[in-house]
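Asks:
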Ligand code: PXL
């Protein structure tokens, strides 16, 4: 672990441990960086769904952010579930004071189970206040459809959507194609053009937390000084391996294993 390389996640807690803050911290550790966390909301959930959400007071979010940024050598930030307009405003204001730290934004709208993780009216604030501060935004297919307000049915659609989002916001977008039929091909659209990152789709694994894990891995590799293109390639390899060497939770349920590199779960 590179102890002086700290990555920070600003996200919600997932009591199930597979997504949110818990996924991010495990991913940071597995990718060799020291993980710090700012909690924006506490969710009560398991793989079936979200039962309750308690947002953290924005003043306490502000205090957590300042405590971490003033006390630790943070080299990259990742944001996940931000939940409310007030929390987004708080996070944007503090991050703005640290413009040299790259920020990966996972525009979390809903859990895989379908539950909303952001208030509908807060989404616009996320675009307006946080996107301009991003080194990368990582929408999945439903999030990309929402961002460009049209249905996306193919990899070509995803590329066009990425190009139009890049034109609007002038920041790199990683358009994740895991919800499209066929191989899981993600497209990085930045000022240098479009770069594809492909992997075979992994079946029979519950994908809960895969988006969180991917964006946290990108942040970890950026913290370690990789270029954006290399960080995305290494993060893609990490999430693919987390899915293809899963953790056996119980009969019939496999979940992603953030520690697949250390041997993972005993039963294989
Ligand atoms: O993957 C999106 C996500 C983000 N944050 C929290 C979550 C989830 C998905 O369940 O629980 C806290």
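In my numbering, the protein residues as written are 38 to 305.
We put the CB at the ideal spot given by N, CA and C, even for glycine.
1) Does DSSP put residue 71 in a helix, a strand or coil?
2) If you run the structure through DSSP and keep just helix, strand and coil, what is residue 230?
3) Roughly how many angstroms lie between the CA atoms of residue 229 and residue 268, to the nearest whole one?
4) Buried or exposed: residue 48, going by 16 or more other Cβ atoms within 10 Å of its Cβ?
5) On the three-state DSSP scale, how would you describe residue 208?
6) Do you know offhand how far residue 84's Cα is from residue 221's?
7) If you follow the beta strand (DSSP E) that residue 90 is in, where does it begin and where does it stop?
8) If you check the beta carbons only, do residue 183 and residue 208 fall under 8 Å apart?
9) Report yes if the C-beta of residue 245 is less than 7 Å from at least one heavy atom of ligand 1; otherwise report no.
10) On the criterion of 16 or more Cβ atoms from any shown chain inside 10 Å, does residue 303 qualify as buried, or is it exposed?
11) Under the three-state reduction of DSSP, which class applies to residue 193: helix, strand or coil?
12) Does residue 139 pass the burial test, meaning 16 or more other C-beta atoms within 10 Å, or should it be called exposed?
13) In terms of residues, what are the limits of the beta strand (DSSP E) holding residue 287?
14) Can you pull the DSSP bridge partners for residue 50?
15) Taking 7 Å as the cut-off, is the C-beta of residue 254 nearer than that to any heavy atom in ligand 1?
16) Roughly how many whole angstroms lie between the Cα atoms of residue 241 and residue 87?
17) Just the C-alpha distance for residue 180 and residue 104, rounded to the nearest angstrom, thanks.
18) Please work out which residues of its chain come closer than 7 Å, Cβ to Cβ, to residue 286, disregarding the five sequence neighbours upstream and downstream, and give them in chain order.
19) Taking 7 Å as the cut-off, does the CB of residue 154 come closer than this to any heavy atom belonging to ligand 1?
20) What's the call for residue 150, buried or exposed, on a 16-neighbour Cβ count within 10 Å?
21) Please state whether DSSP places residue 172 in a helix, a strand or coil.
22) Do residue 92 and residue 70 have their CB atoms nearer than 8 Å?
23) Apply the 10 Å Cβ neighbour rule to residue 205 and answer buried if 16 or more other Cβ atoms are within range, or exposed otherwise.
24) Closer than 8 Å is the cut-off here; do at least three beta carbon pairs connect the stretch 184-192 with the stretch 151-159?
25) Would you check if the distance between the CB atom of residue 75 and the CB atom of residue 113 is smaller than 8 Å?
Replies: The structure says:
1) Residue 71: strand per DSSP, three-state reduction.
2) DSSP places residue 230 in strand when its eight states are reduced to three.
3) 15 Å
4) buried
5) coil
6) 22 Å
7) Counting along the chain, the unbroken beta strand (DSSP E) around residue 90 starts and ends at 86-92.
8) no
9) Yes, the Cβ of residue 245 comes within 7 Å of a heavy atom of ligand 1.
10) Confidence in residue 303 is poor, its pLDDT being 48 and thus under 50, which makes the residue's placement too unreliable to answer from.
11) helix
12) buried
13) 284-287
14) Under DSSP, residue 50 shares a beta bridge with 79.
15) It does not: the Cβ of residue 254 is nowhere closer than 7 Å to a heavy atom of ligand 1.
16) If you draw a straight line from the Cα of residue 241 to the Cα of residue 87, it is about 22 Å long.
17) 31 Å
18) The residues are 292.
19) yes
20) exposed
21) Correct three-state label for residue 172: coil.
22) no
23) Residue 205 comes out exposed.
24) no
25) no
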